[in-house]
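Okay, so here's the structure we're looking at.
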């Protein structure tokens with residue numbers, strides 16, 4: 001039986017053994033958080049190879065897509081190791097197709113059809129991940145926090161590459177039209193990534209030190225970060 005927590009108790013969980021001794025509610029919320037992110041990293045690698053690489057306009061951009069895929073797979077393996085240490089095997093994810101993985105987000109993220117969408121995906125969309133993993137890096141479950149800290153630098157590079165793609169396209173009227181169309185189509189999916197603003201799970205995650213913000217607060221923070229980027233590209237913020 002797991003221990004109980006007081007409402008005002010600061011939570012620090014240093015080892016897998018300590019994790020397994022935590023209250024069931026803590027373990028369930030932490031496990032889902034790590035599982036969702038780990039699946040998302042694996043699917044992110046597949047996105048770069050299966051979706052973005054075929055859209056790349058030249059060999060240099062194809063190489064960048066391949067390099068980003070390797071990094072995403074490395075991130076997946078970090079989550080896989082954290083989960084393995086608490087008795088969870090994610091090997092089944094590796095035999096699934098993109099369509100069969102449904103924990104992280106809906107299939108819209110896997111259906112980019114233009115290079116503009118590829119740029120918006122990274123420059124605007126991957127900031128959703130950055131907002132979340134920046135919180136995970138301070139997680140009360142320390143093995144997870146340590147793993148995530150190694151992911152953040154790579155994610156910054158991914159966002160920077162998306163910025164370059166978007167800025168290059170934004171130099172022409174035609175490119176700005178393509179970017180606006182991409183932003184309008186993908187925006188609702190980006191917002192959906194954060195989940196319900198009224199999520200009880202998110203509230204408990206904050207209580208347990210697994211997150212710093214609720215879903216609604218995280219989404220607001222993301223909007224604050226990406227709104228100036230959108231405006232500097234000469235685009236209109238979706239409703």
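Numbering (UniProt numbering), first residue to last: 1 to 239.
Quick reminder that beta carbons are idealized off the backbone N, C-alpha and C, glycines included.
Quantities reported herein were computed from a predicted structural model and do not represent experimental measurements.
Item: Just to confirm the assignment, what range does the alpha helix (DSSP H) spanning residue 197 have?; Value: Here residue 197 belongs to no alpha helix (DSSP H), and DSSP marks it neither H nor E.
Item: Which value, in whole angstroms, describes the spacing of the CA atoms of residue 51 and residue 226?; Value: 23 Å
Item: Are the beta-carbon atoms of residue 32 and residue 19 separated by less than 9 Å?; Value: no
Item: Taking DSSP as the reference, what is the three-state secondary structure of residue 13?; Value: strand
Item: In the DSSP assignment, the alpha helix (DSSP H) including residue 116 goes from what residue to what residue?; Value: 115–120
Item: Distance, Cα to Cα, residue 46 vs residue 14?; Value: 32 Å
Item: Determine which residues share a DSSP beta bridge with residue 141 and list them.; Value: 13
Item: Can you tell me whether residue 37 is buried or exposed? The criterion is at least 16 other CB atoms within 10 Å of its CB, across all chains shown.; Value: buried
Item: For residue 82 and residue 137, I'd like the C-alpha separation in whole angstroms.; Value: 13 Å
Item: Any contact of the region 95–104 with the region 130–148, i.e. 3+ C-beta pairs under 8 Å?; Value: no
Item: So that I know if they touch, is there some Cβ in chain B lying closer than 9 Å to that of residue 109?; Value: Given the protein chain composition of this structure (a single chain), no chain B is represented.
Item: Since residue 223 is in the alpha helix (DSSP H), which residue starts that stretch and which ends it?; Value: 215–232
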